[in-house]
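> Structure below; questions to follow.
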Amino acid sequence: MADIPGHVRACLQTGKLAFVAILVSGGIVLQILACALYDNWWPMLTAIMYVLLPMPLLFFGGSDTTVLFSESSNGWVDACKFLTGASSIGSIAIPAILKHAGVIGWGAFGLQLGSYLILVLAILCYIRINDEDDGYRLF
11 MADIPGHVRA CLQTGKLAFV AILVSGGIVL QILACALYDN WWPMLTAIMY VLLPMPLLFF
71 GGSDTTVLFS ESSNGWVDAC KFLTGASSIG SIAIPAILKH AGVIGWGAFG LQLGSYLILV
131 LAILCYIRIN DEDDGYRLF
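If you're matching positions, the sequence shown starts at 11 in the numbering used here and goes up one per residue.
In structure tokens:
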């Protein structure tokens, strides 16, 4: 597939980035809908975890996303993996705790988990797009 012209590759790359942007937008819309439809803004606490989620990778992992998927003996990379995992679990735990305490209902809980799954899918697609060698596959 090396015979694909450069302008076609650029168009495919733009389309993949647009797909990731649509996924992120959908996740944010579900996050807001979980709050607005049920007139309860407590589920927005999860947005704090969404902001904190990429911070360990930015601070400890550098710009290389492969550190999340490889073994290392570096303490900073291990701290990065631990903090990323902890904030990822926090994104699921906050709506679960709010549901258990009776603060939010099942509908808001479902929308929160749907938002989380869509945003995780967007992150995985973004990592896959950046790790490609040939620049035109998505999956």
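Just so you know, even glycine gets a beta-carbon here, dropped at the ideal spot from N, CA and C.
CA-CA distance, residue 83 and residue 18?
Straight-line Cα distance between these residues: approximately 41 Å.
> Residues in the same chain with beta-carbon distance under 6 Å from residue 129, minus the five sequence neighbours each way, listed in chain order, please.
Correct list, in chain order: 37.
> Do the CB positions of residue 54 and residue 45 come within less than 8 Å of each other?
Contact flag set, yes.
> What span of residues does the alpha helix (DSSP H) with residue 64 cover, start to end?
That residue, residue 64, is in no alpha helix (DSSP H); it is neither H nor E in DSSP.
> Is the stretch 85 to 94 in contact with the stretch 60 to 69, if contact means three or more CB pairs nearer than 8 Å?
Taking 8 Å as the limit for Cβ pairs, the verdict is that the stretch 60 to 69 does touch the stretch 85 to 94.
> Which first and last residues belong to the alpha helix (DSSP H) in which residue 88 is found?
Run containing residue 88: 85 to 110, per the alpha helix (DSSP H) assignment.
> Determine the extent of the alpha helix (DSSP H) in which residue 140 is found, giving its start and end residues.
Segment 116 to 141, the alpha helix (DSSP H) holding residue 140.
> So, with DSSP's three-state summary, where would you put residue 14?
Residue state, collapsed to three classes: coil.
> Quick test of the definition: if touching needs 3 or more C-beta pairs under 8 Å, does the stretch 25 to 35 touch the stretch 130 to 140?
Verdict: yes, contact present.
> If you measure from the beta carbon of residue 14 to each beta carbon in chain D, is any gap under 8 Å?
The structure shown contains no chain D; it is built from a single protein chain.
> What does the alpha-carbon distance come out to for the pair residue 16 and residue 23?
Taking the straight line joining both Cα atoms gives about 11 Å.
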